[in-house]
Amino acid sequence: MSLLANLNPEQLAAVTLPNQSALILAGAGSGKTRVLTTRIAWLIQTGNVSPAGVLAVTFTNKAAKEMLTRISAMLPISTRGMWVGTFHGLCNRLLRAHFRDAGLPQLFQILDSADQLSLVKRVLKGMNVDEDRFPPKQVQHYINANKEEGRRASEAEAYDEFSRRYAEIYAAYDEQCQREGVVDFAELLLRSFELLSKNEILREHYRARFHHILVDEFQDTNRLQYRWLKLLTGPGSVIFAVGDDAQSIYAFRGANVGNMADFERDFHVENVIRLEQNYRSHGNILDAANALISNNRKRLGKNLWTAAGHGEPLRIYEAQTDGYEAHWLAEEVEALNRDGLARREIGVLYRSNAQSRILEHALFSAGIPYRVYGGLRFFERMEVKHALAYLRLIASSEDDSAFLRVVNFPARGIGARSLEALQEAARAGNTSLYNAVPQLGGKAGNALGAFVAMIATLRKEAEGLALPEIVEHMLAKSGLLAHFQAEKDGADRLENLQELVNAAALFVQEQEEPVAQQELTAFLAHAALEAGEHQAGEGSDALQLMTVHSAKGLEFQAVFVTGLEEGLFPHEQSRNEDDGLEEERRLMYVAITRARSRLYLSFAQNRMLHGQTRYNVASRFLDEIPAGLVKWLTPRLGSQPLPQPVLASARDAAIPKALPRATQMGWRIGQNVVHAKFGQGVIVDTEGQGPDARLQINFGRQGMKWLALEYAKLSAA
DNA sequence: TGAGGGATGGGACCA
DNA sequence: CCATCCCTCA
85 MSLLANLNPE QLAAVTLPNQ SALILAGAGS GKTRVLTTRI AWLIQTGNVS
135 PAGVLAVTFT NKAAKEMLTR ISAMLPISTR GMWVGTFHGL CNRLLRAHFR
185 DAGLPQLFQI LDSADQLSLV KRVLKGMNVD EDRFPPKQVQ HYINANKEEG
235 RRASEAEAYD EFSRRYAEIY AAYDEQCQRE GVVDFAELLL RSFELLSKNE
285 ILREHYRARF HHILVDEFQD TNRLQYRWLK LLTGPGSVIF AVGDDAQSIY
335 AFRGANVGNM ADFERDFHVE NVIRLEQNYR SHGNILDAAN ALISNNRKRL
385 GKNLWTAAGH GEPLRIYEAQ TDGYEAHWLA EEVEALNRDG LARREIGVLY
435 RSNAQSRILE HALFSAGIPY RVYGGLRFFE RMEVKHALAY LRLIASSEDD
485 SAFLRVVNFP ARGIGARSLE ALQEAARAGN TSLYNAVPQL GGKAGNALGA
535 FVAMIATLRK EAEGLALPEI VEHMLAKSGL LAHFQAEKDG ADRLENLQEL
585 VNAAALFVQE QEEPVAQQEL TAFLAHAALE AGEHQAGEGS DALQLMTVHS
635 AKGLEFQAVF VTGLEEGLFP HEQSRNEDDG LEEERRLMYV AITRARSRLY
685 LSFAQNRMLH GQTRYNVASR FLDEIPAGLV KWLTPRLGSQ PLPQPVLASA
735 RDAAIPKALP RATQMGWRIG QNVVHAKFGQ GVIVDTEGQG PDARLQINFG
785 RQGMKWLALE YAKLSAA
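Residue numbering for the first sequence follows the working numbering, beginning at 85 and increasing consecutively.
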């Protein structure tokens, strides 16, 4: 059977497993997606299941699309009827189909996290809550964390005045969502979980339907997602879970690796298959990754190997400053480029977004095209959000969030006072802001009345119009176009608004069957669930810049991992978290395994961060890579400051101004020292004079210490 | 209403 | 250093 050709024995075993739940531990680059999609195709081709009996779930839209593309390529059937999508996408589908049973309006809207935050702020104001004691961002996190544990406000911990207040806010927030007919991301999951758990008929229906449930990136599932999967699995269904505990890097957003162990137990998994043959990287790179990750105590255990050769050693570069690091990187990229390696085949990775600035500066000066991943995406842009708010209001009068967003944008002279009166009227009449407008008199009533009349007209005129025309019409009549035309830097925004019309047209075109009057709502859901790629320039040959997190799942011929310094990578904050350092190490593991044949690891002795120069020691992760696998591009002086590299233009380099000043009894900032107990460190700051003098020293993994000069036994390194 | 000053704080991500 | 928020003032 051609489907199974070229699979290795473990992959073959995984693809053709009998009908039992199974866990596939798939190492980086081991053909995880291939196994998952081939499994689906094989199940269908052998008549084990019909397409309608398959549910496959992922985390990102990109992964879901990739999955569908691959399945279509393998099977000559339509993928319609198959449920393939993200957790949120599938929950949305479920809730749309059973909105009544779920207690939702038919046209419920989806809030993205920015929408959610502004709703939280509004609720806090309405309750007269002190925003210093209850910061909106924290409240938002509290609500989401509870929902992701499956807890409603009534079940939230309330053991003192403070936590009771939190629970009250949570309750008020949920009530407001219900009133407005809006649903946040976590709510999509929780609501559909509750729907299935309370409604036996529905639950049994779906359990009988989905015989095969397949889960991608299983290590990233949170508790609620796990329970959701469990609920959906009937006696005649099995789960095929694919994941890699070593690539679990999302604990901070609720991912629970423990789900892998729970899964083995709860589903009596007899088959744990390890995919350890790596088809991506050379041996030295894999050996480095294996050695690094072996420092983690919590592991399910796996060793990547390759049939390819050892390849080159890993290259380590030590720079004096972040500026020199960036400059070196640019030159190296140019050299690789001259040797025939395309720029798009080179990935530049960093731990935090703030690092991209100096890299961009150096690349820009060198004239190297690059593309930065991350940042604002299309549907999150301010002008697009405004346009979407008008569309939401056209779709539903209950949507107070949308109302408040655009009631005075473009400016119509409706200020805070008018809105306060309106909110009071709405509360009294127990109705939405939109519907409360007729109760208001006076000047405020007139301005608001005109706004409501405009929306009503738009709604009426929208009947019978195609979606793109509705959008176009709204842009003109709302005054959005005029507003940005008048703005001096509004050209980009106008372009984005035009792009929104195109997006609507494309959306209509991609619909398999027309959904007529619900098309607008479907489009709005699409906008919330799929915020869209943020930039053009996909096709051009540009260097790829991104955080290590967003590099997960990608691969490059050559990879630069920059900023390998204690405090940055591993990140300072990870010290205070359970399992923090291990997660950082897994992140480093992800970074290393992105490279096919060449891997650069670089760090800087001092770096500008938050406006001041910081003196760091090399990341412990560098020490965890066996010396035999690496080649130092800079002399391995270890502790000595490097000689100043000669640069064509000095302005490209951030040379620390603090360096020449602040010397203290023979010690100076930036100097490397050795302490009897703490080992090697760097002097970061000094304080006091004479016998009281103290030095602040960064001892890397031993932490930052203030030491009294008189007592500390320091020697120059 | 909006421009501008001053304080503040700063990890990573997707839906 | 930088972006963001809040407040003040014209």
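Don't be surprised by glycine CBs; every beta carbon is placed ideally from N, CA and C.
*Whole angstroms is fine: what's the gap from residue 157's alpha carbon to residue 700's?*
Position 73 of the first sequence holds residue 157. Position 616 of the first sequence holds residue 700. Roughly 50 Å separates the two Cα atoms.
*Specify whether the region 636-648 and the region 435-450 touch according to this definition: at least 3 beta carbon pairs, one from each stretch, less than 8 Å apart.*
yes
*So what does DSSP say about residue 595, is it helix, strand or coil?*
Mapped onto the first sequence, residue 595 falls at position 511. The answer is coil: DSSP assigns residue 595 none of H, G, I, E or B.
*Ignoring anything shorter than 3 residues or poking outside the region 615-697, list the beta strand (DSSP E) runs there in chain order.*
627-631, 640-645, 679-693
*Excluding the 5 residues preceding and the 5 following residue 96 in the sequence, name in chain order all residues of the same chain whose CB lies nearer than 7 Å to its CB.*
By one-based count along the first sequence, residue 96 stands at place 12. 88.
*asked:* Tell me the DSSP secondary structure of residue 327 in three-state form.
replied: In the first sequence, the residue the question calls residue 327 occupies position 243. In the structure shown, residue 327 sits in a strand (DSSP, three-state: E or B).
*asked:* Please state the DSSP three-state secondary structure of residue 153.
replied: Translated into positions along the first sequence, residue 153 becomes position 69. Reduced to three states, the DSSP call for residue 153 is helix.
_Under the three-state DSSP convention, the category residue 398 falls into_ = Looking up residue 398 in the first sequence gives position 314. DSSP places residue 398 in strand when its eight states are reduced to three.
*Just checking my contact of residue 330 with residue 670 at CB under 8 Å: how many whole Å lie between their CB atoms?*
Here the question's residue 330 lines up with position 246 in the first sequence. Here the question's residue 670 lines up with position 586 in the first sequence. At roughly 6 Å, the Cβ-Cβ gap stays under 8 Å, so residue 330 and residue 670 are in contact.
*DSSP state of residue 527, grouped into three classes?*
Locating residue 527 in the first sequence gives position 443, where the first residue counts as 1. If DSSP states are grouped into helix, strand and coil, residue 527 belongs with the helices.
*Three-state secondary structure (DSSP) of residue 755*: One-based indexing of the first sequence puts residue 755 at position 671. The answer is coil: DSSP assigns residue 755 none of H, G, I, E or B.
*Grab the span of the beta strand (DSSP E) containing residue 799 for me, first residue to last.*
In the first sequence, residue 799 corresponds to position 715, counting from 1. It spans 798-800 - the beta strand (DSSP E) in which residue 799 sits, taken as one unbroken run.
*At what residues does the beta strand (DSSP E) containing residue 142 begin and finish?*
Here the question's residue 142 lines up with position 58 in the first sequence. Here the beta strand (DSSP E) through residue 142 covers 138-142.
*asked:* Whole angstroms are fine: how far does the CA of residue 474 sit from the CA of residue 593?
replied: Here residue 593 corresponds to residue number 509 of the first sequence, with the count starting at 1. Here residue 474 corresponds to residue number 390 of the first sequence, with the count starting at 1. Looking at the two C-alpha atoms, the distance is approximately 22 Å.
*Report yes if the CB atom of residue 172 is closer than 8 Å to the CB atom of residue 269, and no otherwise.*
One-based indexing of the first sequence puts residue 172 at position 88. One-based indexing of the first sequence puts residue 269 at position 185. The answer is yes: Cβ separation under 8 Å.
*Compute the beta-carbon to beta-carbon distance between residue 611 and residue 463, rounded to the nearest angstrom, for a pair I have assumed lies under 8 Å.*
On the first sequence, residue 611 is found 527 positions in, with the first residue counted as 1. On the first sequence, residue 463 is found 379 positions in, with the first residue counted as 1. Yes, residue 611 and residue 463 are in contact; Cβ-Cβ is about 5 Å, under 8 Å.
*Cβ neighbour criterion (16 or more within 10 Å) applied to residue 460*: In the first sequence, the residue the question calls residue 460 occupies position 376. With fewer than 16 other Cβ atoms within 10 Å, it is exposed.
*Which class does residue 590 belong to by DSSP, given the choice of helix, strand or coil?*
Sequence index remark: in the first sequence, residue 590 carries index 506 (1-based). In this structure, residue 590 counts as helix in the three-state DSSP scheme.
*Endpoints, the alpha helix (DSSP H) within which residue 296 is located*: Numbered from its first residue, the first sequence carries residue 296 at position 212. Unbroken run through residue 296 is the beta strand (DSSP E), 296-299; no alpha helix (DSSP H).
*Closest to residue 693 by CA distance: which of 405, 796, 450, 383 is it?*
Locating residue 693 in the first sequence gives position 609, where the first residue counts as 1. Of the candidates 405, 796, 450, 383, the one whose C-alpha sits nearest the C-alpha of residue 693 is 405.
*asked:* Looking only at its chain, what residues have a beta carbon closer than 7 Å to the beta carbon of residue 786, apart from the 5 residues adjacent to it on each side?
replied: Stepping through the first sequence from its first residue, residue 786 is reached at position 702. So the list reads 762, 763, once near-sequence residues are dropped.
*Enclosing beta strand (DSSP E) for residue 431 [first to last residue]*: Counted from its first residue, the first sequence places residue 431 at position 347. Where residue 431 is concerned, the enclosing beta strand (DSSP E) stretches over 430-434.
_residue 356 burial status per 10 Å Cβ neighbour count (16 or more: buried)_ = Indexing the first sequence from 1 puts residue 356 at position 272. Its Cβ having fewer than 16 others within 10 Å, residue 356 is exposed.
*When you compare each of 424, 317, 239 to residue 105 by their alpha carbons, which one comes out closest?*
Your numbering for residue 105 matches position 21 in the first sequence. Comparing Cα-Cα distances from residue 105 to each of 424, 317, 239, the minimum goes to 317.
_Let me make sure I understand the geometry here. Which of 145, 217, 276, 204 has the alpha-carbon closest to that of residue 175?_
Indexing the first sequence from 1 puts residue 175 at position 91. Nearest of 145, 217, 276, 204 to residue 175, Cα basis: 276.
*asked:* My output table needs one value for residue 536: the three-state DSSP class, helix, strand or coil.
replied: As a first step, residue 536 must be located in the first sequence, where it is residue number 452. Of the three classes helix, strand and coil, the one that applies to residue 536 here is helix, per DSSP.
*Would you mind giving the Cβ-Cβ distance between residue 680 and residue 639, rounded to the nearest angstrom? I have them listed as a contact below 8 Å.*
Within the first sequence, residue 680 is the residue found at index 596, counting from 1. Within the first sequence, residue 639 is the residue found at index 555, counting from 1. The pair is a contact, with the Cβ atoms about 6 Å apart (cut-off 8 Å).
*Take residue 557 as the anchor and find which of 574, 518, 588 has the nearest alpha-carbon.*
Here residue 557 refers to the residue found at position 473 of the first sequence. That would be 588, whose Cα lies nearest to the Cα of residue 557.
*Would residue 112 pass as a contact of residue 362 if the rule is Cβ separation under 8 Å?*
Along the first sequence, one-based indexing puts residue 112 at 28. Along the first sequence, one-based indexing puts residue 362 at 278. A contact, by the Cβ cut-off of 8 Å.
*Got a sec, what are the start and stop residues for the alpha helix (DSSP H) residue 558 sits in?*
Numbered from 1 along the first sequence, position 474 holds the residue referred to as residue 558. Note, residue 558: alpha helix (DSSP H), 551-562.
*Note down, in chain order, each residue of its chain lying with its Cβ closer than 7 Å to the Cβ of residue 547, except the 5 sequence neighbours on either side.*
Counted from its first residue, the first sequence places residue 547 at position 463. Counting only Cβ-Cβ distances below 7 Å, and skipping sequence neighbours, we find nothing.
*Residue burial classification, residue 366 (beta-carbon count within 10 angstroms, cutoff 16)*: Here residue 366 refers to the residue found at position 282 when the first sequence is read from its first residue. Per the 10 Å Cβ criterion, buried.
_Taking the straight line between their C-alpha atoms, what separation do you get for residue 382 and residue 369?_
Position 298 of the first sequence, counted from the start, is the residue given in the question as residue 382. Position 285 of the first sequence, counted from the start, is the residue given in the question as residue 369. The straight-line gap from Cα to Cα measures roughly 22 Å.
*To the nearest angstrom, how far is it from the Cα of residue 788 to the Cα of residue 690?*
For the purposes of this step, residue 788 is taken as residue 704 along the first sequence, with counting starting at 1. For the purposes of this step, residue 690 is taken as residue 606 along the first sequence, with counting starting at 1. Distance between the alpha carbons of residue 788 and residue 690: 15 Å.
*asked:* For the structure I just gave you, are there three or more beta carbon pairs, one from the region 572-591 and one from the region 154-170, closer than 8 Å?
replied: no
*asked:* Let me make sure I understand the geometry here. Which of 801, 401, 571 has the alpha-carbon closest to that of residue 684?
replied: Taking the first residue of the first sequence as position 1, residue 684 is located at position 600. It is 401.
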